[in-house]
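What follows is a single structure, written as structure tokens, with notes after it.
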Ligand code: ADP
């Protein structure tokens, strides 16, 4: 099959910033694309050959969209997986596989998977409601603090809560959940692995994620992570083991905890391009979006090596501002060395909404981090008055 400059069409479920950045690569390769997203204003509405508006969780919408493309992929996990499985049965190639997505969509199933494959992860227990979790607490099987996670549809930390006392416990919403041992984290790391249908793999360098203390959102991503070589080798080995266990096709971003006792635990995975890999657009031989394309098209994979150190700063809407977005002081930021902004194309800002990111490259990671801080302190994502 020839993909380049033909009628071959790649369908992408989800038209957010990840879809938009993937389209930059399909344009490079001259591959036709169709995008489905619920919002008429989706960032990826430009740059594809066909844009459809529709519900990603609706069976018929996803099924009908999938029937019209040659290969189907997604940039978000919350899609109708029943439709993907049916499409697969009818001969449509869907990568990453619906089977792996089904496991990943449910944090309980995902954790069971790690246990079954001897992948190190925080000890956990599944409960069908917080009431049963409470009983387990009374029986002394669990004690504060622990981490509560909703098994489904959590995003950017909203389905996760550190439970420290009875009051926290009482505030938990109903529904299936897991309790997880509270990890004493020294650093949060991530490793992206790409795997194609031939089973070839490449593993990106380990990155380090720094979080915003209140919003529980990633603020900075640093590549390479500032950790000893032995730890990064161990982290890459674990990430590769995870990708091979899933027999994943496409990208698999593996989020890890480095604990105070030097253990590495898998937190969760995302079967798609990931925020922790955005640095690769400027800093790597092959950026994560091109790599995802190569992997799902079963093409030779590109080098995951870095050309230079990179730091990514997430641009999120400032607290107290909702409305038409204004990127204040962006000119001052552009005047700094090695700085590239990525503006996602969302017209409206609101507190903590992901509006864009800025990558800083420099031969020295410590200097890149200092420039990143300056960027963060200078630019403001606010609303026009
Ligand atoms: P989401 O799927 O919403 O991104 P995560 O499972 O990644 O949620 O958790 C969000 C954040 O919560 C993590 O990045 C980490 O900072 C914290 N966290 C999650 N699980 C644990 C744990 N077992 N121990 C300590 N902190 C945790």
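In this note's numbering, the protein residues as written are 421 to 805. Note that the Cβ used here is the ideal one computed from N, Cα and C, for glycine as well. These figures come from a predicted structure and were not determined experimentally.
Check                                                                                                                             : Outcome
Endpoints, beta strand (DSSP E) assigned at residue 615                                                                           : 605-615
Residue 760 beta carbon less than 8 Å from that of residue 779                                                                    : yes
Closer than 7 Å: residue 601 CB and nearest the ligand ADP heavy atom                                                             : yes
Residue 644 (DSSP reduced to helix, strand or coil)                                                                               : coil
Within 8 Å, strictly: CB atoms of residue 490 and residue 422                                                                     : no
Chain C contact for residue 790 (CB, 8 Å cutoff)                                                                                  : The displayed structure is made up of one protein chain only, and chain C is not part of it.
Three-state secondary structure assigned by DSSP to residue 754                                                                   : helix
Chain-order list of residues whose beta-carbon lies under 7 Å from that of residue 564 (same chain, five-residue window excluded) : 583, 584, 585
Residue 542 CB to nearest heavy atom of the ligand ADP below 7 Å                                                                  : yes
Spatial distance of residue 696 from residue 715 (CA atoms)                                                                       : 18 Å
Residue ranges of each beta strand (DSSP E) within the region 552-583, 3 or longer                                                : 566-570, 580-583
8 Å Cβ cutoff met for residue 547 and residue 600                                                                                 : no
Where residue 721 sits in the DSSP three-state scheme                                                                             : coil
The region 672-689 contacting the region 763-773, beta-carbon criterion three pairs below 8 Å                                     : no
Classification of residue 466 by the beta-carbon crowding that lies within 10 angstroms, buried from 16 upward                    : exposed
Reduced DSSP category for residue 632 - H, G, I as helix; E, B as strand; rest coil                                               : coil
Candidates 800, 730, 796, 512, of which the one nearest residue 482 by Cα                                                         : 512
C-beta atoms of residue 654 and residue 671 nearer than 8 Å                                                                       : no
As assigned by DSSP and simplified to three states, the class of residue 594                                                      : coil
CB-CB length for residue 432 against residue 494, believed under 8 Å                                                              : 7 Å
Beta carbon of residue 663 nearer than 8 Å to that of residue 615                                                                 : yes
Straight-line gap, residue 456 to residue 444 (C-alpha atoms, nearest Å)                                                          : 17 Å
DSSP-derived helix/strand/coil call for residue 502                                                                               : helix
C-alpha gap between residue 518 and residue 527, whole angstroms                                                                  : 16 Å
Residue burial classification, residue 439 (beta-carbon count within 10 angstroms, cutoff 16)                                     : buried
Residue 782 versus residue 486 - alpha carbon distance                                                                            : 42 Å
Residue from 498, 540, 749, 545 whose Cα sits closest to the Cα of residue 523                                                    : 498
Which residues DSSP lists as bridging residue 801, in chain order                                                                 : 747
Where residue 652 sits in the DSSP three-state scheme                                                                             : helix
Distance cut-off 7 Å: residue 578 Cβ against heavy atoms of the ligand ADP                                                        : yes
4-residue-minimum alpha helix (DSSP H) runs that sit fully inside the region 440-516, ordered along the chain                     : 479-487, 501-509
Three-way DSSP call (helix, strand, coil) for residue 777 in this model                                                           : strand
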